[in-house]
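Structure first, then comments.
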Amino acid sequence: MNEAEIATVTERVRAALRTVIDPEAGMNVVDLGLVYAIEVDDAGVRVALTMTSPTCPMGDLIVDEARQAVAAVLPAGSALAVDLVWEPPWGPQRMSAQARAHFGWED
Numbered sequence: 002m003n004e005a006e007i008a009t010v011t012e013r014v015r016a017a018l019r020t021v022i023d024p025e026a027g028m029n030v031v032d033l034g035l036v037y038a039i040e041v042d043d044a045g046v047r048v049a050l051t052m053t054s055p056t057c058p059m060g061d062l063i064v065d066e067a068r069q070a071v072a073a074v075l076p077a078g079s080a081l082a083v084d085l086v087w088e089p090p091w092g093p094q095r096m097s098a099q100a101r102a103h104f105g106w107e108d
């Protein structure tokens, strides 16, 4: 897979993840800053996600929805891993400017 193909798949994956809404926050996981990594190579795609808190009751649901959303934009049979990670800890500084404004947090 060349760099242009990797960039295209990465953007497709990011767009798919924007459809995954954290039900507690009412905002997508990309703008919330919950997506730590999108890795694309010939072997497949790996997404690293976190939650706003280790005690988030929606973690399993969000990971499952992320897996389904990403799988829907990949070619059939593509390898996909969606991993829940805790390092570094999430903080509001990871949110997009739009998300911070939505929640009333200044830059």
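Under our numbering, the first residue of the sequence shown is numbered 2, with each subsequent residue one higher. Even glycine gets a Cβ: it sits at the ideal position worked out from N, Cα and C.
Three or more beta-carbon pairs drawn from the segment 45 to 56 and the segment 24 to 37 are found closer than 8 Å, and the two stretches are therefore classed as touching.
In the DSSP annotation of this structure, the continuous segment of the alpha helix (DSSP H) that includes Asp61 starts and ends at Gly60 to Ala72.
An exposed status is given to Ala82, since fewer than 16 other beta-carbon atoms sit within 10 Å of its beta-carbon.
Rounded to whole angstroms, the separation of the alpha carbons of Ala44 and Asp23 is 29 Å. Under DSSP, Ile39 shares a beta bridge with Val48. Each residue's CA atom was taken as its position, placing Arg19 and Thr56 some 23 Å apart. Asn3 and Arg95 have their C-alpha atoms spaced approximately 29 Å apart. Nearest C-alpha to Ala100 among Asn29, Arg13 and Ile7: Asn29.
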